[in-house]
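A.B. asks:
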Amino acid sequence: MVSALDRLSYAAQQAARVAWYAGHYAAGRRLLKPMPKPDFPIGPTPTRAEMTADMRSTFEREWQDIAAGLFPAPRTRGPEPAEFLRRSARYFRDLPQVDARRHRTLDDELPPGQQGDGLPDYYRQNFHFQSDGWLSDHSAAIYDTQVEVLFTGAADVMRRRALSPIAQWLAGRNQRDVRGLDVGCGTGRLLAFLHDAWPGMKWTGVDLSAPYLAEARRLIGKTARVRLIEAAGEKLPFDDASLDLIVSSFLMHELPDKIRAQVLAEMARVLKPGSLVVIVDSIQRGDQPSWDGLLDLFPHYFHEPYYAAYVNGNLEAWCATAGLTSAAVERAFLSKVAAFTKL
Ligand SMILES: C[S@@+](CC[C@H](N)C(=O)[O-])C[C@H]1O[C@@H](n2cnc3c(N)ncnc32)[C@H](O)[C@@H]1O
C-alpha cells in the first residue's frame with residue numbers, strides 16, 4: 020500500500036531531478052555557440068509546453084504502476100553528493116570540446132593511441148556528446164549527466180518504463196528463476212533499477228566498454244546477482260535458449276543496420292520460448308508524428324552516425340524478422356518502450 024506521503028516523496032524527488040537537469044540544459048545553451056539552422060526541410064516539432072506535459076504524463080504513468088503495486092518506487096541512484104557535484108563540474112568543463120566538435124573546429128574523433136584496439140570500427144568513434152567515444156574513464160564518468168541533461172531529467176524514467184511490461188510478464192513466475200540480460204548496459208542505470216525492483220533475479224550486463232562497465236559496478240555495488248561482462252551484443256556469450264528476459268536501453272540507435280540485425284537475432288537465439296525482450300530507444304518516425312522534426316534535428320545537432328537510419332526504420336518489423344513477436348508498446352516521452360516475446 021502506498022500513502023499520500025509516498026506520492027509526495029516520489030513527486031518531490033522527480034521534480035528536483037528535472038529542475039536540476041533542466042538548469043544544466045539552460046546553462047549549457049548559454050555556453051554553447053548556436054548551431055546553424057539545418058538547410059534541409061524538417062518535420063513538425065512540439066512546443067516546450069507540450070513536451071513538459073508529455074514528460075509529466077510519463078512520470079504519472081510510472082507512479083500509477085507503483086501505486087498498483089507492480090514495482091516499488093525507485094531508490095535514488097548515483098554517486099554520493101560531493102562526487103555528484105564534481106561530475107556536474109566536469110560536464111561543464113567538457114562543453115567547450117563538445118562545442119568545438121559540433122562546429123567542426125576540433126578534429127578529435129578519438130584520441131590517438133591504442134584505445135579501442137580490437138573493437139569494431141563502427142564502435143570506435145564519438146557519439147553525441149561523448150568526448151573519447153565510449154572508451155575512457157572520463158567519458159564514463161560524465162555520461163549519466165550528459166544523458167540526463169539531454170532529456171532534462173527524464174532519462175531514468177524512460178529507462179524505468181521497461182519495468183512495466185516486465186512486471187506484467189512476471190505475474191505467476193518466481194523472480195528467483197529468472198535469468199536476465201541487459202545488452203549494452205553502459206553505466207548500469209537500468210540494471211540497478213531492475214535489481215532494486217526484483218532483487219531475486221540473476222542479471223548479466225554486457226557492454227563493449229570496460230570503463231562503462233567499471234562505472235556500472237560502482238553504481239550497482241558488489242552483488243553476485245549482477246554479473247558484468249565485456250562482450251558484443253552481436254556475439255552474445257550465452258547458449259541457445261538459456262535466458263528468460265532481455266532488456267536493452269538506448270543501444271539500438273547506436274548500431275549500423277547490419278549489426279543491429281545481428282544483435283536482435285542473437286537476442287532471439289539465447290532466449291527460451293515464452294521469454295520477454297524489452298527495448299527502450301528513441302521514438303521512430305511516425306510514433307508521434309507531430310514530433311517528427313525532432314528526429315530530423317537530433318543528428319544535425321549531435322554526432323549520431325546511425326540515428327537517422329534507426330528513426331526511419333521500424334523496430335517492430337526488425338524484431339519480427341529476428342523471430343520476436345510484438346507484445347506491448349508504450350511511448351514514454353522521447354522513447355519507445357517495446358516489449359516482444361519469443362514464441
Ligand atoms: C547510449 S549507451 C546506452 C547505455 C545504457 N544502456 C543506458 O541506458 O544509458 C550505448 C552503450 O552501448 C554500448 N555498445 C555499443 N555498441 C555495442 C555492441 N555492439 N555491443 C555491446 N555494447 C555496445 C556502448 O559501449 C554504450 O555503453
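If you read the sequence shown in the numbering used here, its first letter stands for residue 20, the second for the next number, and so on. C-beta: ideal position from N, C-alpha, C; glycine also.
Taking 6 Å as the cut-off, is the CB of Leu270 close to at least one heavy atom of ligand 1?
C.D. replies: By 1-based counting over the sequence shown, the position of residue 270 is 251. Leu270 Cβ: within cutoff of ligand 1.
A.B. asks: From what residue to what residue does the alpha helix (DSSP H) around Trp39 run?
C.D. replies: Taking the first residue of the sequence shown as position 1, residue 39 is located at position 20. That run of the alpha helix (DSSP H) goes Ala23 to Leu50.
A.B. asks: Straight-line CA distance for Glu249 to Ala357?
C.D. replies: Here residue 249 corresponds to residue number 230 of the sequence shown, with the count starting at 1. Here residue 357 corresponds to residue number 338 of the sequence shown, with the count starting at 1. Each residue's Cα considered, the two are about 25 Å apart.
A.B. asks: Confirm the yes/no value for this check: CB of Ser228, any heavy atom of ligand 1, distance under 6 Å.
C.D. replies: On the sequence shown, position 209 is the one that residue 228 refers to. Indeed, a heavy atom of ligand 1 lies less than 6 Å from the Cβ.
A.B. asks: How many angstroms separate the CA atom of Arg76 from the CA atom of Gln83?
C.D. replies: Along the sequence shown, read from residue 1 onward, the residue named residue 76 stands at position 57. Along the sequence shown, read from residue 1 onward, the residue named residue 83 stands at position 64. Note that residue 76 is Ser in the sequence shown here, rather than Arg. Straight-line Cα distance between these residues: approximately 10 Å.
A.B. asks: Using 6 Å as the cut-off, classify the Cβ of Gly260 as near or not near the heavy atoms of ligand 1, replying yes or no.
C.D. replies: Sequence index remark: in the sequence shown, residue 260 carries index 241 (1-based). The amino acid at residue 260 is misidentified as Gly; the sequence shows Ala. The answer is no for Ala260.
A.B. asks: Which class does Pro131 belong to by DSSP, given the choice of helix, strand or coil?
C.D. replies: Here residue 131 refers to the residue found at position 112 of the sequence shown. Confidence in Pro131 is poor, its pLDDT being 45 and thus under 50, which makes the residue's placement unreliable; the coordinate value appears in the next sentence. Note: Pro131 maps to coil in three-state DSSP.
A.B. asks: Whole angstroms are fine: how far does the CA of Leu264 sit from the CA of Leu89?
C.D. replies: For the purposes of this step, residue 89 is taken as the residue at position 70 of the sequence shown. For the purposes of this step, residue 264 is taken as the residue at position 245 of the sequence shown. Their Cα atoms are separated by approximately 17 Å.
A.B. asks: DSSP three-state call for Ala87: helix, strand or coil?
C.D. replies: Residue mapping note: residue 87 aligns to position 68 of the sequence shown, counting from 1. Ala87 falls in the coil class under three-state DSSP.
A.B. asks: Note down the Cα distance separating Arg180 from Gly47, rounded to an integer number of angstroms.
C.D. replies: For the purposes of this step, residue 180 is taken as residue 161 along the sequence shown, with counting starting at 1. For the purposes of this step, residue 47 is taken as residue 28 along the sequence shown, with counting starting at 1. Answer to the nearest angstrom: the Cα atoms are 27 Å apart.
A.B. asks: Check whether the Cβ of Trp217 sits closer than 6 Å to any heavy atom of ligand 1, and report yes or no.
C.D. replies: Here residue 217 refers to the residue found at position 198 when the sequence shown is read from its first residue. No, ligand 1 has no heavy atom inside 6 Å of this Cβ.
A.B. asks: Provide the residue span of the alpha helix (DSSP H) that contains Asp156, from first to last.
C.D. replies: For the purposes of this step, residue 156 is taken as the residue at position 137 of the sequence shown. Where Asp156 is concerned, the enclosing alpha helix (DSSP H) stretches over Asp156 to Leu169.
A.B. asks: Restricting to runs no shorter than 4 residues, where is the alpha helix (DSSP H) found entirely within the segment 209-245?
C.D. replies: 229-239
A.B. asks: Buried or exposed: which applies to Gly50, given that a residue is buried once 16 or more other Cβ atoms fall within 10 Å of its Cβ?
C.D. replies: For this step, residue 50 is matched to residue 31 along the sequence shown. The sequence shown places Leu at residue 50, rather than the Gly named in the question. Under the 10 Å beta carbon count, Leu50 is surrounded by fewer than 16 other beta carbons and is classified as exposed.
A.B. asks: Could you give the distance in angstroms between the alpha-carbon of Pro184 and the alpha-carbon of Ala190?
C.D. replies: Looking up residue 184 in the sequence shown gives position 165. Looking up residue 190 in the sequence shown gives position 171. So the two alpha carbons sit approximately 10 Å from each other.
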